[in-house]
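Here's the structure we're looking at; comments come further down.
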Amino acid sequence: MSSIFDTLLALPGAGRVDAAGVEAFVGGASRSVLFITGDTLQRPEAADVGVVLREVLKGLPAAQDIRVGIVARAEEGAVMKKYGVVVLPALVLLRDGQVVDILARMRDWDVYAHAFAKLVAPDAVPA
Numbered sequence: 430m431s432s433i434f435d436t437l438l439a440l441p442g443a444g445r446v447d448a449a450g451v452e453a454f455v456g457g458a459s460r461s462v463l464f465i466t467g468d469t470l471q472r473p474e475a476a477d478v479g480v481v482l483r484e485v486l487k488g489l490p491a492a493q494d495i496r497v498g499i500v501a502r503a504e505e506g507a508v509m510k511k512y513g514v515v516v517l518p519a520l521v522l523l524r525d526g527q528v529v530d531i532l533a534r535m536r537d538w539d540v541y542a543h544a545f546a547k548l549v550a551p552d553a554v555p556a
């Protein structure tokens, strides 16, 4: 059985991201999501966040336009610093390379739905 992380990596345009390549990754798409999991043994809710991410994307008409990057564990600190993330696991939602929202830890479904609606809205503005 594959993990939720393998499922996310199988999405079109998805990939593992390191600190050196993060700008190129988010710059290559108008909309992107960086998934910073943290140590999944210490933060098992990361798998739950991954499932929510998958399900939110399934329900979005523009999901094919959102590029998902899972940040390499060894590079998380640098990426967290770059985007102002302080709590893990976290999803960093970006539009044209600019942060639209940061969703840390497991949240209510409505929080994810609202944040992703903001990401795909034609008039989305950076946070």
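The numbering used here numbers the first residue of the sequence shown as 430 and each following residue consecutively. For each residue, glycine too, the CB sits at the ideal point set by N, CA and C.
- Secondary structure at residue 483: helix, using DSSP grouped into helix, strand and coil.
- Closest in alpha carbon position to residue 513, among 446, 463, 449 and 441, is 463.
- Along the length of the stretch 441-466, whole alpha helix (DSSP H) runs at least 4 residues long occupy 451-456, reported in chain order.
- In the DSSP assignment, residue 527 forms a beta bridge with 524.
- As a beta-bridge residue in DSSP terms, residue 499 pairs with 445 and 464.
- Contact check between the stretch 475-487 and the stretch 502-510: fewer than three CB pairs, one atom from each, fall below 8 Å, which does not count as touching.
- Shown here, residue 532 sits in a strand according to DSSP, grouped into three states.
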